[in-house]
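Just so you know, the sequence shown maps onto residues 11 to 49 in my numbering. Quick reminder that beta carbons are idealized off the backbone N, C-alpha and C, glycines included. Only one structure is covered here, and it is reproduced in the block below.
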Amino acid sequence: MILSHSKTVKNVNLFKSYATLVLLIIMIFALYIILITKL
11 MILSHSKTVK NVNLFKSYAT LVLLIIMIFA LYIILITKL
């Protein structure tokens, strides 16, 4: 049970870091589009 829980926490942390990376990419992409449309 404890081992399973620690594995779940590890997966959650991995998901959080992946989600943060995806959000960062989306934000950069959005800024890039805004800059292009203004030029």
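*When you compare only the Cα positions, how much space is there between T30 and Y42?*
Those two C-alpha atoms are separated by around 18 Å.
*Alpha carbon to alpha carbon, what distance is there between F39 and V22?*
One alpha carbon belongs to V22, the other to F39, and they sit about 25 Å apart.
*What number of angstroms, rounded off, separates the C-alpha of I5 from the C-alpha of S16?*
Within the shown structure, residues of the chain are numbered from 11 to 49, placing residue 5 beyond reach of any answer.
*For L24, which three-state DSSP category applies?*
Three-state result, L24: helix.
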